[in-house]
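Per the working numbering, the sequence shown starts with residue 187, numbered consecutively.
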Amino acid sequence: MREELLSIIEKNSRIPLDELAVMLGVPEDKVVTELTALEKEGVICGYHTLIDWEKTSQDKVNALIEVRVTPQRGQGFDKIAERIYNYPEVRSVYLISGGYDLLVTLEEKSLKEISMFVTDKLSTLDTVLSTATHFILKRYKDHGTILDKKRVDEREIITP
Numbered sequence: 187m188r189e190e191l192l193s194i195i196e197k198n199s200r201i202p203l204d205e206l207a208v209m210l211g212v213p214e215d216k217v218v219t220e221l222t223a224l225e226k227e228g229v230i231c232g233y234h235t236l237i238d239w240e241k242t243s244q245d246k247v248n249a250l251i252e253v254r255v256t257p258q259r260g261q262g263f264d265k266i267a268e269r270i271y272n273y274p275e276v277r278s279v280y281l282i283s284g285g286y287d288l289l290v291t292l293e294e295k296s297l298k299e300i301s302m303f304v305t306d307k308l309s310t311l312d313t314v315l316s317t318a319t320h321f322i323l324k325r326y327k328d329h330g331t332i333l334d335k336k337r338v339d340e341r342e343i344i345t346p
């Protein structure tokens, strides 16, 4: 039941508990108990709303920053990752394979703010060797959700 519950709420965390219970074929109180346990164990880390900011009046710039670092003895990449994710500007940090070690995502109001963060904060860390910044120009799909859905013309065709 656990994996099925997680799969369902990963796609829609707002699904009502009574609907979850029906979908899983268990009583609602069992769903509540399981969700509470998953939260307490840290399996469920939070609930998020996916927003397409391009459809609002709010200006936001997103960037992916690849970071090459020198791992610290006995701590690997964890200590530098922690230093980076503690900056409030940082949305996420991932350890990645390939030419760089970490992938950092930022969301700011302007290109300049992101550039300043990289220049003044990220690049000045003693274990950071190099960075490469990539600005997100358009999101087509995020967290499994298609953001650029094509409108389907549902009008009925009338011919003479």
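For glycine and all other residues, C-beta sits at the position ideal for the given N, C-alpha and C.
It is roughly 12 Å from the alpha-carbon of T291 to the alpha-carbon of L281. Under the three-state reduction of DSSP output, I251 falls in the strand class. The residues V253, R254, V255, P257, F263 and L281, in chain order, have a CB closer than 8 Å to that of D287 in the same chain once the five nearest residues on each side in sequence are set aside. Of T242, G285, D306 and E205, the smallest CA-CA separation from I270 is found for D306. Listed in chain order, the non-local C-beta contacts of K265 below 7 Å within the same chain comprise Q258, local neighbours out to five positions each way being set aside. In the structure shown, D312 falls within a coil segment according to DSSP collapsed to helix, strand and coil.
The alpha carbon of F321 has as its nearest neighbour, out of D334, L311, K327 and K298, the alpha carbon of K298. Taken through DSSP and simplified to helix, strand or coil, F263 comes out as coil.
Take V304, set aside five residues on each side of it, and the residues of its chain with a beta-carbon closer than 7 Å to its own are I251, T317 and T319, in chain order. Taking C-beta separations shorter than 7 Å and ignoring five residues to either side along the sequence, the partners of H329 in its chain run L236, following chain order. Counting the other CB atoms within 10 Å of its CB gives I300 a total of 16 or more, which places it among the buried residues. Apart from the 5 residues on each side of it in sequence, L224 sits with its Cβ closer than 8 Å to the Cβ of R188, L191, L192 and I230 in its chain, given in chain order. Collapsing the DSSP output to three states places L289 in a strand. Distance from the Cα of E240 is smallest, within the candidate group E340, L289 and L333, for L333. A Cβ-Cβ separation of about 6 Å places I194 in contact with M209 under the 8 Å criterion.
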